[in-house]
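First up is the structure itself, then whatever we jot down about it.
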Amino acid sequence: MRVLLINPPLREQYPPSTFPYGLGYVGKYLKKAGHQVEFLDIDSHRYTREKALEELKKCDCDVIGTGGLVTVYRYLKWLVPNLRKIHPKAKIIVGGSLPTSAPHETLKGLDIDFIVLGEGEITGPELVGYLEKQKNQKKHLKLDELKRIKGIGFKHNGKVIITEPRELIQNIDEVGSPDWELIDADRIIRKYANGVVGILTERGCPFNCNFCYHQFGYKSRRRSADNFVKEMKLIHDKYGIKHFSFGDNLTFLNTNDVLKFMRALKKYELQHITYDISMRASLINEELVKLLKKSRCKGLNFGFESGSQKVLNLMNKRTTIEQMDNAILTLEKYKMPYCGTFMIGYPGETKEDVGKTIEFCKRHGILAKPFFTTPYPGTPLFYQIKHKIKDMDKFLQALGDARDLSINISKFSTKELLRQRRRVTQETEKAYLKKHKVLGFLFSPLALLNIEVGFAVATFLTTPFPAFMKNSLKIAFNYLKGKPVVPLSDKGYNKSVE
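Given below as structure tokens:
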């Protein structure tokens, strides 16, 4: 079968920064099954909608596969009807986090033939193989045969049918690397990722924060260090990459994981590369940090989320403020860079809780610009507040960037929520700039362009000068084109569908 895989933009206003792993893996397995696979990367080429249609007309396909995170829904509302016009005979399949988290809504809201739920490496080729068989035998799709394909969904006589779940792939070393040849990885790496490549080493997460969606379940299935370092070696040799960013929830759980990683780096002669990872504050200790530093880790990313223990408990974060404080002190002791994210507007949060977040940030000299708490479909938080969503289709279309307010589920009025977010940003920036008075003065004119001076200073201090200048020129160019980095007023953040 001739299969066209389409990578839609997750956010039309922002270029990609990572490789589309899901499509890369599915494409690899489709090719293994003997299908002809073509890839149309609308996202990385930054095609306008008109240009995307022109490119689609050049394609010849029997099956179209697309999808991604739930934020692609709005774009697919436009894309799918056009796919029907341009390729009326092609079967359309949507996979990824969108249909897995919202299967019924995806099938009802989009004129598509099938959805693939969860991991697509086995399900995708099996479904396409079935479609090929039906086409060659010139038979209509049979309901009983479709129901035997695990991990798919479709509509029959207006009714949504979801088949038995597909078993998770237990040994993900067997999955290995995505198809780096299918997708123009070099374009993404050079043009958007500043020469940094992301690596995935696990599927699933053993923690269950209420706001986080687990497409691959709550059991962590991990690639061996030898397996993913071998992939790093391939990427290093092919693209000259010297810094990797691990996109997992948790790449290393303990010192033993780091030691295995270091041995693999030595085996593949990659001791010179650098990397950054995501980490939980509750797992940080001195021995771990010393090993991370020795293995040339250049930064840790934390989801701090709040400086209030009450709010952390409401989130089921399973982290304490004391653990967060100790983690930061340990990192600072060994001069290990770190950054952290925060969110605002969690149900039950008060002004006093917001104040505790500000106190935590001031205590550690952290700049904070919180994300809005967003109840993504499939999360425990979503089911907690689902009754507040009046129009599910509009809600899904409103989801894009957590820096935008798509729905207010907090105790605050929308006006007050925006004010509290501004309060966190301004107060933490003011405290940060007290420590960097000279740079704060030099960068102060940026405030006239609505650019946070504190973040500009922090970026300058933590970014290599060539990359800093490149990003600065890009920002300046966007301003000239009328595309500011941030909205000029709080109204620009408010995209609520309430």
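Numbering that gives the first Met the number 0 puts the first residue of the sequence shown at 0, with every later residue one more than the last. The beta carbon of each residue, even a glycine, is placed where N, CA and C say it ideally should be. Since the structure is predicted, the reported quantities are computational estimates derived from the model, not experimental observations.
- The Cβ atoms of G21 and G119 sit closer than 8 Å to each other.
- One Cα belongs to K436, the other to M391, and the distance between them is close to 48 Å.
- Inter-segment contact for the region 99-113 and the region 76-84 is present: three or more beta-carbon pairs are separated by less than 8 Å.
- Residue pairing from DSSP places Q35 in a beta bridge opposite R1.
- Of the candidates K289, L299, L233 and S294, the residue whose Cα lies closest to the Cα of C338 is L299.
- Taking 8 Å as the upper bound for CB-CB distance, C60 and L3 are in contact here, some 4 Å apart.
- CA-to-CA, the gap between F206 and L313 works out to about 14 Å.
- Collapsing the DSSP output to three states places V496 in coil.
- Secondary structure note for D275: its beta strand (DSSP E) is the uninterrupted segment T273 to S277.
- In this structure L142 is exposed. Its beta-carbon is surrounded by fewer than 16 other beta-carbon atoms within 10 angstroms.
- Where V310 is concerned, the enclosing alpha helix (DSSP H) starts and stops at Q308 to L313.
- Per DSSP, the continuous alpha helix (DSSP H) segment holding E144 begins and ends at L142 to K146.
- Counting along the chain, K265 sits inside the alpha helix (DSSP H) bounded by residues T254 to K266.
- Residue environment for R147: exposed (fewer than 16 other C-beta atoms within 10 angstroms of its C-beta).
- Contact check for F243 against V196 passes: the beta carbons are separated by less than 8 Å.
- Distance check between F303 and each of L441, T122, K368 and K90 places K368 closest, using alpha-carbon atoms only.
- Only exposed fits T47, as fewer than 16 other CB atoms lie within 10 angstroms of its CB.
- Secondary structure at H235: helix, using DSSP grouped into helix, strand and coil.
- Linking M342 to F370 through their CA atoms gives a straight-line distance of about 4 Å.
- Contact check for R10 and Q396: beta-carbon distance about 13 Å, past the 8 Å limit, so the pair fails to qualify.
- Along the length of the region 295-383, whole beta strand (DSSP E) runs at least 3 residues long occupy 296-304 and 337-343, reported in chain order.
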